[in-house]
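S.K.:
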Amino acid sequence: MTPRRPSTRVITPGEVAVRAATARQYLQVGELVIGEDPAERQVAGGLAVLAAIAASDAICGTALGEYARGKDHDLAPDLLKTIRPDGPDLARHLGRVLEHKPTAHYGTTYLTAETVASMLHHAGALVVAMERIRRR
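Just so we're aligned, residue 1 is where the sequence shown starts under UniProt numbering, counting upward by one.
1) With DSSP as the reference, identify every bridge partner of residue 66, one or two as the case may be.
2) Measuring CA to CA, which of 63, 84, 116 is closest to residue 36?
3) If you drop the 5 nearest sequence neighbours on each side, which residues of the same chain put their C-beta closer than 6 Å to that of residue 95?
4) Are residue 79 and residue 64 touching if we call contact CB-CB under 9 Å?
5) Is the stretch 17 to 33 in contact with the stretch 85 to 94, if contact means three or more CB pairs nearer than 8 Å?
6) Between which two residues does the alpha helix (DSSP H) containing residue 133 stretch?
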């Protein structure tokens, strides 16, 4: 196990399993609730953010034995980048979702259908990568 970095937390295999299951469910529900109604899209976007964060935690926990802490999640992409060979792509997927977190969770305007579809796509890519990395 690598030494703990500032702003990270050690995570056990059991905790990784919980984060992985949570990521899968957030994504599944997000894909179910997306619809034409702007409020439904907003909820789906918020769930995409939660799925991406949980998948990132599970990926880092599996590969590094730790995950990023902090309410802004700004360290998480940097931590993902350290995972070889997929790190830069994983960080990009997370970044694409996190850029919409303020609007998805706290915004007073609705996300567009295109934005939410993109968020779910990137969150889904993280969940797929999470499953692949956990099987290694």
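Even for Gly, the Cβ is constructed at its ideal location relative to N, Cα and C. The structure displayed is predicted, hence computed values, not measured ones.
M.R.: Considering the structure as presented:
1) 10
2) 116
3) 77
4) yes
5) no
6) 113 to 135
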